[in-house]
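Encoded as structure tokens, the structure appears first; notes follow it.
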Amino acid sequence: MTEIIWDGKYTNGKKTAPIRIALPFQTIETVNESVQERQRTIDLFSEGRPSDWRNRLIWGDKKYVLPSLLPEFAGKVKLIYIDPPFDTGANFSFTATVPDNPETDEDETVEFTKQPSMIEQKAYRDTWGKGLDSYLQWFYETAVMLRELLAEDGSIYVHLDWHVGHYAKCILDEVFGYDNFRNEIVWCYRRWSAASKLYQNSHDVIFFYTKNGNYTWNQPYEPYADEGAHYTEEDENGRFRWQYLKGKKYKLYMKEGTRAKDWWNDIQYINSMAIERLDYSTQKPEALLERIIKASSNESDLVLDCFCGSGTTAATAEKLNRRWITCDLGRFAIHTTRKRLLSIPNVKPFVVQNLGKYERQQWISSEFENPEQRLSVETAYRNFILELYHAQPIKGYTWLHGVRQGRMIHVGSVETPVAMGDVRNMIQELWKMAGTEPTAVTNGIDVLGWDFAFELNETALQFAAENKVDLKFKKIPREVLEKKAVEQGDIKFFELAHLETELKKEGKKVTLALTDFIVPPDDVPEDVQQKITHWSQWIDYWAVDWNYRDDTFHNEWQTYRSKKNPKIELSTAKTYEHTGEYVIIVKVIDILGNDTTKQIKIKI
Numbered sequence: 000m001t002e003i004i005w006d007g008k009y010t011n012g013k014k015t016a017p018i019r020i021a022l023p024f025q026t027i028e029t030v031n032e033s034v035q036e037r038q039r040t041i042d043l044f045s046e047g048r049p050s051d052w053r054n055r056l057i058w059g060d061k062k063y064v065l066p067s068l069l070p071e072f073a074g075k076v077k078l079i080y081i082d083p084p085f086d087t088g089a090n091f092s093f094t095a096t097v098p099d100n101p102e103t104d105e106d107e108t109v110e111f112t113k114q115p116s117m118i119e120q121k122a123y124r125d126t127w128g129k130g131l132d133s134y135l136q137w138f139y140e141t142a143v144m145l146r147e148l149l150a151e152d153g154s155i156y157v158h159l160d161w162h163v164g165h166y167a168k169c170i171l172d173e174v175f176g177y178d179n180f181r182n183e184i185v186w187c188y189r190r191w192s193a194a195s196k197l198y199q200n201s202h203d204v205i206f207f208y209t210k211n212g213n214y215t216w217n218q219p220y221e222p223y224a225d226e227g228a229h230y231t232e233e234d235e236n237g238r239f240r241w242q243y244l245k246g247k248k249y250k251l252y253m254k255e256g257t258r259a260k261d262w263w264n265d266i267q268y269i270n271s272m273a274i275e276r277l278d279y280s281t282q283k284p285e286a287l288l289e290r291i292i293k294a295s296s297n298e299s300d301l302v303l304d305c306f307c308g309s310g311t312t313a314a315t316a317e318k319l320n321r322r323w324i325t326c327d328l329g330r331f332a333i334h335t336t337r338k339r340l341l342s343i344p345n346v347k348p349f350v351v352q353n354l355g356k357y358e359r360q361q362w363i364s365s366e367f368e369n370p371e372q373r374l375s376v377e378t379a380y381r382n383f384i385l386e387l388y389h390a391q392p393i394k395g396y397t398w399l400h401g402v403r404q405g406r407m408i409h410v411g412s413v414e415t416p417v418a419m420g421d422v423r424n425m426i427q428e429l430w431k432m433a434g435t436e437p438t439a440v441t442n443g444i445d446v447l448g449w450d451f452a453f454e455l456n457e458t459a460l461q462f463a464a465e466n467k468v469d470l471k472f473k474k475i476p477r478e479v480l481e482k483k484a485v486e487q488g489d490i491k492f493f494e495l496a497h498l499e500t501e502l503k504k505e506g507k508k509v510t511l512a513l514t515d516f517i518v519p520p521d522d523v524p525e526d527v528q529q530k531i532t533h534w535s536q537w538i539d540y541w542a543v544d545w546n547y548r549d550d551t552f553h554n555e556w557q558t559y560r561s562k563k564n565p566k567i568e569l570s571t572a573k574t575y576e577h578t579g580e581y582v583i584i585v586k587v588i589d590i591l592g593n594d595t596t597k598q599i600k601i602k603i
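Going by numbering that gives the first Met the number 0, the first residue of the sequence shown is number 0, and it counts up by one from there.
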């Protein structure tokens, strides 16, 4: 078979292999699990027995997520659908909405485009950094990992457009086998754009492959053209029309239709007014995923999508009673999918996971083979950030990198969020420093980061306080990449959002209210900031774990904004069954997808 070759496909005469190190997943949130089921899960874990299945929403780079899924799911995924980047820069952008002020009757809704985070931009550079060669290697490694996850009777659908579809087809033939290619599905839709000197682009292609010739297949049907118009009656057996034969009246039921073709023009792009629309640039209609999922899987089968986006695959799989795993690098994609799933009546419990600090460690080891070279690169980067922060670098420590006005400074990695494990290491190193260097009397640490793990904010501050350390999280602004801003000294490091709450207790009943939410405004255009006149306009979603047990955040109650219901509640109540001491965790997610958590202790 003819082989497509690109720069980077071979290293020393052998095909460049994808990363295969399995990293441990960390569950940072359990959503929609009952109190009884939560206790059952804890009991099973304490007995060393596996708990029941939980659908999985994973925040992380798929090049680390996929090999980490292999130990548990190799050969077990019945259906894979992916909608990878097409060679556009819009895949990580999203439209953020500032809602109305709840204290006025005026329509003050404002929308603006949120640009990709540094981690998302890096992932895009890794994919397209060297042009087409980079993309082909990235796509090849992804296809190899997905084939290993696919069940023997499994199917994979790869959704692409005119940019790279022809190249991807050659790679899929190589990885899955030309004989396992089933269809090139053409999805036609009506979508208008500005006139230009070319034909209107109005279709995508979906390549359908299987692991082998024995695959799951439930024949999909399309209705006969205009036939439904004649079948105006309906009963428990379906739609029908009356037919008279030899003086007798018969019910003639509408047939299933004709076998679905590989040319789909009956599923339209999501229109701007649709309830389903989430203003996510790459969102696909649920009807498209419904046809694919019904055709190539059965109830309870496992469906995987490693380019989650707006969560269409997970939401459709949930509605069709399939198990699902989905992942995305974008924080807002994870948040959008969480809200979308919660809007489904009786949604089954699912977990939100990430790979924590392990992802950064693996990236460093895979990118820098020479330890001395790695140290030089990291030191130069950290010294640059320290200079902008007006701090002095220090040597001899792994987690503490500088000092400013008596406070120690940690500079977070560009590649991964600052995680709880990092904070533990910083504090341990701080007290080691205090024991060996009498002049190091500070008990304060400023943590500078591009991004922060979901669970970090309040939980880490509480951990630091217990260890007598004054910890502050500050975000490294995107302006550090702009030479002009750096030269003008126009760089500000904003502290993370601050949440204030009020708790009232009446017997066993507790009422919890949000009273203030202060957000660093660096990611929001100045004209939009001026339209925010009430602190609650920053909040898109908040949830409560009424009985946090130092394991993972359990979402027991939540309120969130949607297109159908843009208002949120600012208070909630809980009546405890038993007396005792409880820890309450409040999680708030702002309009940009950033989370803030607060811990409250109460005695009933």
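In this text, a Cβ means the ideal position worked out from N, Cα and C, and glycines have one as well. Computed from a prediction, not measured in an experiment: that's the story for all the values here.
query = Can you tell me whether DSSP reads residue 89 as helix, strand or coil?
reply = In the sequence shown, residue 89 corresponds to position 90, counting from 1. At residue 89, the pLDDT of 43 sits below 50, so the modelled position is not reliable and the matter cannot be decided from this model.
Segments assigned beta strand (DSSP E), at least 3 residues, entirely inside the stretch 367-437 = List check, beta strand (DSSP E) in window: 401-403 and 406-410.
query = Would residue 44 be called buried (16 or more neighbouring beta carbons within 10 Å of its own) or exposed?
reply = On the sequence shown, residue 44 is found 45 positions in, with the first residue counted as 1. Any reading at residue 44 must be qualified, since the residue scores a pLDDT of 47, below 50, and its modelled position is unreliable; no value is offered.
ask   = In whole angstroms, what separates the C-alpha of residue 428 from that of residue 419?
value = Against the sequence shown, residue 428 aligns to sequence position 429. Against the sequence shown, residue 419 aligns to sequence position 420. Residue 428 and residue 419: Cα-Cα distance of roughly 14 Å.
Beta-ladder partner(s) of residue 441, from DSSP = Reading the sequence shown from its first residue, position 442 is the one you call residue 441. The partner list for residue 441 (beta bridge, DSSP) is empty, contrary to what the question assumes.
inquiry  = Restricting to runs no shorter than 3 residues, where is the beta strand (DSSP E) found entirely within the stretch 495-560?
reply    = List check, beta strand (DSSP E) in window: 497-505, 508-517, 538-544, 552-554 and 556-559.
query = Is the number of C-beta pairs between the stretch 539-547 and the stretch 587-594 that are closer than 8 Å three or more?
reply = Because the criterion of three Cβ pairs below 8 Å is met, the stretch 539-547 and the stretch 587-594 touch.
Where residue 383 falls, given that 16 or more other Cβ within 10 Å makes a residue buried = Counting from 1 along the sequence shown, the entry for residue 383 is found at position 384. Note on residue 383: under 16 other CB atoms within 10 angstroms of its CB, so exposed under the neighbour-count rule.
message = If I follow the unbroken beta strand (DSSP E) through residue 209, where does it start and stop?
response = Against the sequence shown, residue 209 aligns to sequence position 210. Looking at the DSSP string, the run of the beta strand (DSSP E) that includes residue 209 is 202-209.
key: Runs of beta strand (DSSP E) lying entirely within the stretch 147-173, each at least 3 residues, in chain order   = Segments of the beta strand (DSSP E) lying fully in the stretch 147-173: 149-159.
inquiry  = Taking only three categories from DSSP, how would you classify residue 572?
reply    = On the sequence shown, position 573 is the one that residue 572 refers to. Strand.
inquiry  = So, under 8 Å CB-CB, residue 282 and residue 269 are touching, yes? Tell me the CB distance rounded to an integer number of Å.
reply    = As a first step, residue 282 is located in the sequence shown; it is residue number 283 there, counting from the start. As a first step, residue 269 is located in the sequence shown; it is residue number 270 there, counting from the start. The beta-carbon separation of residue 282 and residue 269, rounded to 6 Å, stays under the 8 Å limit for a contact.
query = Does DSSP put residue 241 in a helix, a strand or coil?
reply = Numbered from its first residue, the sequence shown carries residue 241 at position 242. Looking at residue 241 - three-state DSSP - the assignment turns out to be strand.
Option nearest residue 442 by Cα separation, candidates 247, 80 and 426 = Counted from its first residue, the sequence shown places residue 442 at position 443. Nearest C-alpha to residue 442: 426.
request  = Please go through the same chain and pick out, in chain order, the residues whose beta-carbon is closer than 6 Å to the beta-carbon of residue 24, but skip the five residues on each side of it.
outcome  = For the purposes of this step, residue 24 is taken as the residue at position 25 of the sequence shown. Result list for residue 24: 352, in chain order.
Selected residue, minimal CA-CA separation from residue 324, among 330, 395 and 316 = For the purposes of this step, residue 324 is identified with residue 325 of the sequence shown, where counting begins at 1. For the residues 330, 395 and 316, the minimum Cα distance to residue 324 belongs to 316.
key: Contact belief for residue 492 with residue 447 at Cβ below 8 Å, rounded distance in angstroms   = Sequence index remark: in the sequence shown, residue 492 carries index 493 (1-based). Sequence index remark: in the sequence shown, residue 447 carries index 448 (1-based). That pair is a contact at about 6 Å.
query = Touch check for the stretch 198-211 and the stretch 151-168: three-plus C-beta pairs under 8 Å?
reply = By the Cβ rule, the stretch 198-211 counts as touching the stretch 151-168, because three or more pairs are nearer than 8 Å.
request  = Just the C-alpha distance for residue 513 and residue 544, rounded to the nearest angstrom, thanks.
outcome  = Walking along the sequence shown from the start, residue 513 turns up at place 514. Walking along the sequence shown from the start, residue 544 turns up at place 545. The alpha-carbon atoms of residue 513 and residue 544 are separated by roughly 15 Å.
Rounded C-alpha distance that separates residue 49 from residue 396 = Taking the first residue of the sequence shown as 1, we reach residue 49 at position 50. Taking the first residue of the sequence shown as 1, we reach residue 396 at position 397. Only weak support exists for where residue 49 lies, its pLDDT of 49 falling under 50; the value from the coordinates is given anyway. Taking the CA atoms as reference points, residue 49 sits about 40 Å from residue 396.
query = Tell me, which residues are paired with residue 595 by DSSP?
reply = For the purposes of this step, residue 595 is taken as the residue at position 596 of the sequence shown. Paired residues: 587.
Member of 479, 476 and 444 whose CA lies at the smallest distance from the CA of residue 463 = Translated into positions along the sequence shown, residue 463 becomes position 464. It is 444 whose Cα lies nearest to the Cα of residue 463.
Distance between residue 0 and residue 13 (C-alpha atoms, nearest Å) = Against the sequence shown, residue 13 aligns to sequence position 14. Against the sequence shown, residue 0 aligns to sequence position 1. Computed Cα separation, rounded: 18 Å.
ask   = Are three or more beta carbon pairs between the stretch 52-72 and the stretch 495-513 nearer than 8 Å?
value = Cβ pair count under 8 Å is below three, so no.
request  = Say whether the stretch 142-158 touches the stretch 67-82, bearing in mind that this needs 3 or more beta-carbon pairs closer than 8 Å, one atom from each stretch.
outcome  = As far as the Cβ criterion goes, the stretch 142-158 touches the stretch 67-82, which means the pair count is three or higher.
request  = To the nearest angstrom, report how far apart residue 17 and residue 143 are at their CA atoms.
outcome  = To locate residue 17, count along the sequence shown from 1; it is residue 18. To locate residue 143, count along the sequence shown from 1; it is residue 144. The alpha-carbon atoms of residue 17 and residue 143 are separated by roughly 8 Å.
For residue 574 and residue 508, believed in contact at Cβ under 8 Å, the rounded distance = Start at 1 with the first residue of the sequence shown, and residue 508 comes out as number 509. Start at 1 with the first residue of the sequence shown, and residue 574 comes out as number 575. The pair is a contact, with the Cβ atoms about 5 Å apart (cut-off 8 Å).
task = Look at the Cβ atom of residue 347, then the Cβ atom of residue 54, and state whether they are nearer than 8 Å.
result = Sequence index remark: in the sequence shown, residue 347 carries index 348 (1-based). Sequence index remark: in the sequence shown, residue 54 carries index 55 (1-based). Against a cut-off of 8 Å, the Cβ pair of residue 54 and residue 347 comes out as a contact.
inquiry  = Can you look up residue 331 in the DSSP assignment and give me helix, strand or coil?
reply    = Counting from one through the sequence shown, the residue named residue 331 turns up at place 332. Correct three-state label for residue 331: helix.
request  = Could you check which residue in 188, 69, 381 and 101 has the C-alpha nearest to that of residue 141?
outcome  = Position 142 of the sequence shown, counted from the first residue, corresponds to residue 141. Nearest C-alpha to residue 141: 69.
query = Under the three-state reduction of DSSP, which class applies to residue 312: helix, strand or coil?
reply = Position 313 of the sequence shown holds residue 312. Looking at residue 312 - three-state DSSP - the assignment turns out to be helix.
request  = Check whether the Cβ atoms of residue 355 and residue 452 sit closer than 8 Å, and answer yes or no.
outcome  = The residue given as residue 355 occupies position 356 in the sequence shown. The residue given as residue 452 occupies position 453 in the sequence shown. Yes; because the gap between Cβ atoms is below 8 Å, this pair is in contact.
query = Identify the residues that DSSP records as bridge partners of residue 78: which are they?
reply = Walking along the sequence shown from the start, residue 78 turns up at place 79. In the DSSP output, where bridge partners are listed per residue, residue 78 has 154 and 302.
request  = For residue 32, I'd like the list of residues in its chain whose CB is within less than 7 Å of its CB, leaving aside the five on either flank, ordered along the chain.
outcome  = Here residue 32 is taken as the residue at index 33 of the sequence shown, counted from 1. The answer, listed in chain order, is 348 and 553.
key: Complete runs of the beta strand (DSSP E) confined to the stretch 0-30 [at least 3 residues]   = Within the stretch 0-30, the complete beta strand (DSSP E) segments at least 3 residues long are 25-30, listed from N- to C-terminus.
query = For the putative contact between residue 290 and residue 314, defined by C-beta atoms under 8 Å, what is the C-beta separation to the nearest angstrom?
reply = The sequence position of residue 290 within the sequence shown is 291, counting from 1. The sequence position of residue 314 within the sequence shown is 315, counting from 1. The pair is not a contact, with the Cβ atoms about 15 Å apart (cut-off 8 Å).
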